[in-house]
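Peer 1: In order, the protein sequence lines correspond to chains W and X. Heads up, the first sequence stops at 124 in our numbering, and the numbers go up one at a time, no gaps. Heads up, the second sequence stops at 133 in our numbering, and the numbers go up one at a time, no gaps. Take a look at the following structure, please.
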Amino acid sequence: GAGVSQTPSNKVTEKGKYVELRCDPISGHTALYWYRQSLGQGPEFLIYFQGTGAADDSGLPNDRFFAVRPEGSVSTLKIQRTERGDSAMYLCASSLAGPTGELFFGEGSRLTVL
Amino acid sequence: GQQLNQSPQSMFIQEGEDVSMNCTSSSIFNTWLWYKQDPGEGPVLLIALYKAGELTSNGRLTAQFGITRKDSFLNISASIPSDVGIYFCAGVDDKIIFGKGTRLHILP
């Protein structure tokens, strides 16, 4: 499709497990962003890639969170030893050039940690 | 860190009414973006503002980039049922920061 694609759309896991969330950006978009959105809140910045490299990872809450974009296209957000507080909607967005570019969001991956 | 304050947090209006919401910041931004989010979906870009003082329209939506570069407002004219949702402002500097949203409800 033409838009940003995120999988899975829903993920339920148990506390302590490892989780991977995938984002496939719009073709040709060099910038890719991960945001986390809790209920009733706005999207909270996690990490921004320009090409293959993480240009800004200052939003990652701790070292259990890691993201990669090895070929400058698809990105994977990895969460180790999940905690109940990690439950949220994880949104991916891409832009033609960033961070001044307009963001186009996927539909998100809803993570629930039991 | 940078924070954006959106007001009001919620609005309950009658269909056909005009709507006004705003966003303020303690920091200067180079670009302001306005998004709408429907339940279960990601935010969708409505309007982008790139220059202080800029006034931009998109159909029934009008947004302005404040002269001080620390605020922006969004107006919706003649609201219709599909306008229901959460409206987010976002300020762009070296990263893109979102406000907490204004929830728009339309009374039957």
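Ideal Cβ placement from N, Cα and C applies to all residues, glycine included.
With H, G and I counted as helix, E and B as strand and the rest as coil, what does DSSP make of R94 (chain W)?
Peer 2: On the first sequence, position 84 is the one that residue 94 (chain W) refers to. Reduced to three states, the DSSP call for R94 (chain W) is helix.
Peer 1: Which residues in chain W have a C-beta closer than 7 Å to the C-beta of G67 (chain X)? List them in chain order.
Peer 2: Translated into the one-based positions of the second sequence, residue 67 (chain X) becomes position 42. Chain W residues near G67 (chain X): L101, F115, G116, E117 and G118.
Peer 1: According to DSSP, R32 (chain W) sits in a beta bridge with which residue or residues?
Peer 2: If you number the first sequence from 1, residue 32 (chain W) lands on position 22. Partner(s): W:T17 and W:T86.
Peer 1: Do N55 (chain X) and I72 (chain X) have their beta-carbon atoms positioned less than 7 Å apart in this structure?
Peer 2: Your numbering for residue 72 (chain X) matches position 47 in the second sequence. Your numbering for residue 55 (chain X) matches position 30 in the second sequence. Taking 7 Å as the Cβ cut-off, I72 (chain X) and N55 (chain X) do not qualify as a contacting pair.
Peer 1: Kindly list the residues whose CB is nearer than 7 Å to the CB of I122 (chain X), restricted to its own chain and excluding five residues on each side of it in sequence; keep chain order.
Peer 2: As a first step, residue 122 (chain X) is located in the second sequence; it is residue number 97 there, counting from the start. These residues qualify, in order along the chain: Q27, L29, A115 and G116.
Peer 1: For the beta strand (DSSP E) that contains I105 (chain X), what are its first and last residues?
Peer 2: The sequence position of residue 105 (chain X) within the second sequence is 80, counting from 1. First-last for I105 (chain X): undefined, no H or E at that position.
Peer 1: For V44 (chain X), which residues in the same chain have their Cβ closer than 7 Å to its Cβ, ignoring the five residues on either side in sequence?
Peer 2: Numbered from 1 along the second sequence, position 19 holds the residue referred to as residue 44 (chain X). Taken in chain order, the residues that qualify are M36, I38, N100, I101, S104 and L129.
Peer 1: Could you tell me if D96 (chain X) is buried or exposed, where buried requires 16 or more neighbouring beta carbons within 10 angstroms of its beta carbon?
Peer 2: As a first step, residue 96 (chain X) is located in the second sequence; it is residue number 71 there, counting from the start. Flag for D96 (chain X) reads buried.
Peer 1: Which two residues bound the contiguous beta strand (DSSP E) that contains A77 (chain W)?
Peer 2: Counted from its first residue, the first sequence places residue 77 (chain W) at position 67. Counting along the chain, the beta strand (DSSP E) containing A77 (chain W) begins and ends at F75 to V78.
Peer 1: In the DSSP output, what is E54 (chain W) paired with across the bridge?
Peer 2: Residue numbering aside, residue 54 (chain W) sits at position 44 when the first sequence is read from its first letter. Its beta-bridge partners are W:R46.
Peer 1: For H130 (chain X), which of helix, strand or coil comes out of DSSP?
Peer 2: To locate residue 130 (chain X), count along the second sequence from 1; it is residue 105. Looking at H130 (chain X) - three-state DSSP - the assignment turns out to be strand.
Peer 1: Quick one: which residues of the stretch 50–65 of chain X get their C-beta closer than 9 Å to a C-beta of chain W? List them in chain order.
Peer 2: Residues passing the 9 Å Cβ filter: N55, T56, L58, Y60, Q62 and G65.
Peer 1: Buried or exposed for R46 (chain W), please, with buried defined as at least 16 other CB atoms from any protein chain shown within 10 angstroms of its CB.
Peer 2: Residue 46 (chain W) sits at position 36 when you count from the first residue of the first sequence. Buried: at least 16 other Cβ atoms inside 10 Å.
Peer 1: Please classify R91 (chain W) as buried or exposed, where buried requires at least 16 other C-beta atoms within 10 Å of its C-beta.
Peer 2: As a working note, residue 91 (chain W) is residue 81 in the first sequence. So R91 (chain W) ends up on the exposed side.
Peer 1: I'd like to know if Q60 (chain W) contacts chain X, where contact means its C-beta is closer than 7 Å to some C-beta of that chain.
Peer 2: Start at 1 with the first residue of the first sequence, and residue 60 (chain W) comes out as number 50. Not closer than 7 Å to any Cβ of chain X, the Cβ of Q60 (chain W) fails to qualify, so no.
Peer 1: Going along the chain, which residues of its own chain have a beta-carbon closer than 7 Å to the beta-carbon of D63 (chain X), five neighbours each way excluded?
Peer 2: In the second sequence, the residue the question calls residue 63 (chain X) occupies position 38. So the list reads G110, once near-sequence residues are dropped.
Peer 1: So, with DSSP's three-state summary, where would you put R120 (chain W)?
Peer 2: Along the first sequence, read from residue 1 onward, the residue named residue 120 (chain W) stands at position 110. Strand at R120 (chain W).
Peer 1: Measuring CA to CA, which of X:Y112, X:V69 and X:K61 is closest to S105 (chain W)?
Peer 2: One-based indexing of the first sequence puts residue 105 (chain W) at position 95. Of X:Y112, X:V69 and X:K61, the residue nearest in Cα terms is X:V69.
Peer 1: Between L80 (chain X) and chain W, is the shortest Cβ-Cβ distance under 7 Å, so that the two count as touching?
Peer 2: Numbered from 1 along the second sequence, position 55 holds the residue referred to as residue 80 (chain X). Output row for L80 (chain X): interface = no.
Peer 1: Does the Cβ-Cβ distance between V29 (chain W) and G116 (chain W) come in under 7 Å?
Peer 2: Residue numbering aside, residue 29 (chain W) sits at position 19 when the first sequence is read from its first letter. Residue numbering aside, residue 116 (chain W) sits at position 106 when the first sequence is read from its first letter. Cβ distance not < 7 Å, so V29 (chain W) and G116 (chain W) don't count as in contact.
Peer 1: Please check if any C-beta of chain X sits within less than 7 Å of the C-beta of E112 (chain W).
Peer 2: Here residue 112 (chain W) is taken as the residue at index 102 of the first sequence, counted from 1. Yes - at least one Cβ of chain X is within 7 Å of the one on E112 (chain W).
Peer 1: Since G52 (chain W) and G124 (chain X) are thought to touch, with beta carbons under 8 Å apart, how far apart are those beta carbons, to the nearest angstrom?
Peer 2: Counting from one through the first sequence, the residue named residue 52 (chain W) turns up at place 42. Counting from one through the second sequence, the residue named residue 124 (chain X) turns up at place 99. About 5 Å; that satisfies the 8 Å criterion.
Peer 1: Short of 8 Å in beta carbon distance, which residues of its chain neighbour Q34 (chain X), apart from the five on each side in sequence? Order them along the chain.
Peer 2: Here residue 34 (chain X) is taken as the residue at index 9 of the second sequence, counted from 1. Contacts found: K125, G126, T127 and R128.
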